[in-house]
Amino acid sequence: MEGMEGIAGMKMDGRKGRSGTGKTALVTGASRGIGRAIAEKLADGGYDLWLTCKNSANRLLQVKEYLEEAYGISCRIAVCDAGDFGAVRNMFAEMERLDVLVNNAGISYIGLLSEMEPEQWQEIMDTNLSSLFYTCKLAIPLMLKRHEGCIVNISSVWGSVGASMEVAYSASKGGVNSFTKALAKELAPSHIRVNAVACGVIDTQMNGCFDEEERRALREEIPADRFGMPEEVAGVVMQVIGAPEYMTGQVIAVDGGWY
Numbered sequence: 135m136e137g138m139e140g141i142a143g144m145k146m147d148g149r150k151g152r153s154g155t156g157k158t159a160l161v162t163g164a165s166r167g168i169g170r171a172i173a174e175k176l177a178d179g180g181y182d183l184w185l186t187c188k189n190s191a192n193r194l195l196q197v198k199e200y201l202e203e204a205y206g207i208s209c210r211i212a213v214c215d216a217g218d219f220g221a222v223r224n225m226f227a228e229m230e231r232l233d234v235l236v237n238n239a240g241i242s243y244i245g246l247l248s249e250m251e252p253e254q255w256q257e258i259m260d261t262n263l264s265s266l267f268y269t270c271k272l273a274i275p276l277m278l279k280r281h282e283g284c285i286v287n288i289s290s291v292w293g294s295v296g297a298s299m300e301v302a303y304s305a306s307k308g309g310v311n312s313f314t315k316a317l318a319k320e321l322a323p324s325h326i327r328v329n330a331v332a333c334g335v336i337d338t339q340m341n342g343c344f345d346e347e348e349r350r351a352l353r354e355e356i357p358a359d360r361f362g363m364p365e366e367v368a369g370v371v372m373q374v375i376g377a378p379e380y381m382t383g384q385v386i387a388v389d390g391g392w393y
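So the mapping is simple: my numbering equals the position in the sequence shown, first residue as 1, plus 134.
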């Protein structure tokens with residue numbers, strides 16, 4: 135398929151997870167970190183899964199095999215650039231049902247704005263913000279078939295307060311927050327909820343660029359005196375998914391009291 139390097143893990147023999155929901159969830163950027171933790175929480179909740187990543191096909195396949203074995207769910211995987219509409223459209227062409235969409239795929243750039251190239255700016259915007267338009271555009275018709283659904287966008291506290299040396303990232307996450315609030319109003323009459331989880335410093339590979347001194351300085355700014363864990367974010371995402379229909383259009387911070 136054009137724009138997609140491969141799909142693995144054909145639908146299995148109707149097995150359901152421990153709670154037998156019969157529902158399907160898509161998590162983008164699920165090969166590691168927060169995305170993987172969310173995928174495991176969903177699998178534990180009995181969701182069949184679609185998982186994507188941009189480059190790490192082998193790692194994503196390992197996640198698929200682990201989740202199917204550990205939780206008895208069906209999992210399909212796609213090597214798919216979330217910022218490429220053609221690739222996302224090809225993946226959705228294989229879907230028959232979608233109950234939950236978690237937009238987690240994201241990248242960062244640390245450096246002076248004056249030294250950033252236009253191509254780098256565009257990559258941040260495509261991956262962190264345009265990807266939400268692509269997935270939501272294609273997910274909404276599937277959710278409308280059942281007159282219900284849940285969309286959770288993974289954002290950042292920088293989307294609200296901004297970060298020096300991370301202007302593009304902050305701008306993209308500010309867009310995620312506004313996108314969330316606006317789409318929630320649009321979809322509320324159709325019983326489709328849209329919320330965001332804004333993360334503080336979470337101990338993932340994305341923050342591996344900081345040396346020990348920088349990590350210590352960051353930690354000292356956080357009232358909880360530690361970085362968050364991917365599993366904590368995943369737990370909040372599951373609470374958002376399970377929240378009443380009346381909770382929509384919210385941006386929920388998970389930052390240890392930082393901002």
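All C-beta atoms, glycine included, are put in the ideal place defined by N, C-alpha and C.
Beta carbon of residue i nearer than 9 Å to that of residue j
i	j	result
V335	F361	yes
E300	S242	yes
R193	R210	no
N237	T338	no
I274	L321	yes
Buried or exposed (CB count within 10 angstroms, at least 16 for buried), residue i
i	result
R149	Note that R149 has pLDDT 43, beneath the 50 cutoff, so the model's placement of it is unreliable and the number below is only indicative. When all chains shown are included, R149 counts as exposed.
A316	exposed
Y393	exposed
K145	Summary for K145: the model assigns pLDDT 34, below 50, so the residue's position carries little reliability, and this model does not support an answer.
Helix, strand or coil at residue i according to DSSP, with G and I counted as helix
i	result
I168	helix
A351	helix
N341	helix
G283	strand
I258	helix
G376	coil
L232	coil
L246	coil
T186	strand
Residues near residue i by beta carbon distance below 7 Å, same chain, minus five either side
i	result
V385	S289, N311, T314, A330 and A332
G394	Any answer about residue 394 is impossible in this case: the structure gives the chain only from 135 up to 393.
A358	G390 and G391
K307	N262, S289, S290, W292 and G293
V374	V286, N329, V331 and I386
CB contact check: residue i to chain D, cutoff 9 Å
i	result
S304	You won't find chain D in this structure, because it holds only one protein chain.
Straight-line gap, residue i to residue j (C-alpha atoms, nearest Å)
i	j	result
V197	G369	18 Å
W184	M381	25 Å
A173	D389	21 Å
G217	E365	25 Å
T155	N287	22 Å
G376	M259	29 Å
Sequence-distant residues of its chain with Cβ nearer than 6 Å to residue i (five each side left out)
i	result
D182	T158, I207 and S208
C214	M138, T186, A221 and M225
K175	A368 and M372
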